[in-house]
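Just so you know, full-length UniProt numbering puts 137 at position 137 of the sequence shown, and the rest follows in order with no gaps.
We put the CB at the ideal spot given by N, CA and C, even for glycine.
Note that the structure is a prediction, hence the values are computed from the model and not measured.
Structure record follows, encoded as structure tokens.
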Amino acid sequence: MRRRIRTAGAHSLADYELLEVLLFAAVPRRDTKPQAKALLASFGSLEAVLDATPAALRAAGLGPRGVAVLGCPARVAWRLAHPDLRAQVMFTDMTAVLDYCDRLPVHETDGWRVFYLDSVRHVLADEVTATGQPADMCRAVLARALELHAVSLVAVRDMGRQAPPEGGSPADLRFGRMLHTHARLLGLTLHDCVLRGGGTSTSLRAMIVA
1 MRRRIRTAGA HSLADYELLE VLLFAAVPRR DTKPQAKALL ASFGSLEAVL
51 DATPAALRAA GLGPRGVAVL GCPARVAWRL AHPDLRAQVM FTDMTAVLDY
101 CDRLPVHETD GWRVFYLDSV RHVLADEVTA TGQPADMCRA VLARALELHA
151 VSLVAVRDMG RQAPPEGGSP ADLRFGRMLH THARLLGLTL HDCVLRGGGT
201 STSLRAMIVA
């Protein structure tokens, strides 16, 4: 198959063979043809396999490495369709932040997304922070801010279809207050911590700066 790709290009491969190539990155010492054909039979098409959620892929018998690998093509396609998204964005207000979030791909898991901004509020980076203890999350965010030479931050917790609790959870408030307090000590500004989900959003700013 490698020889075919070199001589005829990837377009010469059948759908199951393309899946074989992808799955080989996850399980390099095993014949991936049976699993590739099983996934196509289960989902009906290559497009459906690559668009499937991690939960659906796991239910179809795919292991964690395979799930991670098959999540890459959709992300690459999205990046190709939005090549300069960050460069076009200036967060003049929180409406601009939420509009930007609406344009991002949906994450299956609940988590905090942190936007690192320069002096005119252009986005230097937007990254999902690993879930953990508030103090550990705060430490990781501020270390990253210093690495990027960021001037200010916005933190948004995307809860998917779940509506955010009014006033935020104790853990949300603890994280927001820690981030606000320690950011100030480093000369950084935390503009807001926002919870969004179920078509609504809640600002925690008044509670974390009090």
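Quick one: what does DSSP say Asp99 is sitting in, helix, strand or coil?
Position 99 of the sequence shown, counted from the start, is the residue given in the question as residue 99. Correct three-state label for Asp99: helix.
Which partner residues does Thr200 have in the DSSP bridge list?
Working through the sequence shown from its first residue, we reach residue 200 at position 200. DSSP lists Gly197 as partners of Thr200.
Identify, in the order they occur along the chain, each residue of the same chain with its Cβ nearer than 6 Å to the Cβ of Leu124, setting aside the five sequence neighbours on each side.
Position 124 of the sequence shown, counting from 1, holds the residue named residue 124. Cβ within range, chain order: Tyr116, Asp118, Leu148, Ala150.
Report buried or exposed for Asp93, applying the criterion of at least 16 other Cβ atoms within 10 angstroms of its Cβ.
By one-based count along the sequence shown, residue 93 stands at place 93. Exposed: under 16 other Cβ atoms inside 10 Å.
Excluding five sequence neighbours on each side, which residues of the same chain lie with their C-beta closer than 8 Å to the C-beta of Val89?
To locate residue 89, count along the sequence shown from 1; it is residue 89. Counting only Cβ-Cβ distances below 8 Å, and skipping sequence neighbours, we find Ala96, Tyr100, His122, Val123.
Only counting the same chain, and skipping five residues up and downstream in sequence, which positions put a Cβ closer than 8 Å to that of Leu62?
Locating residue 62 in the sequence shown gives position 62, where the first residue counts as 1. Only Gln35, Leu39, Leu70 meet the Cβ criterion.
Within the same chain, show all residues whose beta-carbon is closer than 6 Å to that of Gly111, passing over the 5 residues directly before and after it, in chain order.
The sequence position of residue 111 within the sequence shown is 111, counting from 1. Excluding positions up to five away in sequence, the list reads Val128, Thr131.
Using CA atoms only, rank isn't needed, just tell me which of Glu17, Glu47, Ala41, Val27 is closest to Lys33.
Here residue 33 corresponds to residue number 33 of the sequence shown, with the count starting at 1. Among Glu17, Glu47, Ala41, Val27, the Cα nearest to that of Lys33 is on Glu17.
According to the Cβ coordinates, are Arg184 and Asp192 closer than 7 Å?
Along the sequence shown, read from residue 1 onward, the residue named residue 184 stands at position 184. Along the sequence shown, read from residue 1 onward, the residue named residue 192 stands at position 192. No, these two residues do not count as a Cβ contact at 7 Å.
Using three-state DSSP, classify Val123 as helix, strand or coil.
As a working mapping, residue 123 is identified with position 123 in the sequence shown. In the structure shown, Val123 sits in a strand (DSSP, three-state: E or B).
So, is Glu20 buried or exposed, given that buried needs 16 or more other C-beta atoms within 10 angstroms?
Taking the first residue of the sequence shown as 1, we reach residue 20 at position 20. It is buried - the Cβ of Glu20 has at least 16 other Cβ atoms within 10 Å.
Does the distance from the C-beta atom of Ala155 to that of Leu188 stay below 7 Å?
The residue you call residue 155 lines up with position 155 of the sequence shown. The residue you call residue 188 lines up with position 188 of the sequence shown. Cβ distance not < 7 Å, so Ala155 and Leu188 don't count as in contact.
Determine the contact status of Val141 and Val120, defining contact as a CB-CB distance below 7 Å.
Residue mapping note: residue 141 aligns to position 141 of the sequence shown, counting from 1. Residue mapping note: residue 120 aligns to position 120 of the sequence shown, counting from 1. For Val141 and Val120, no; Cβs fall outside 7 Å.
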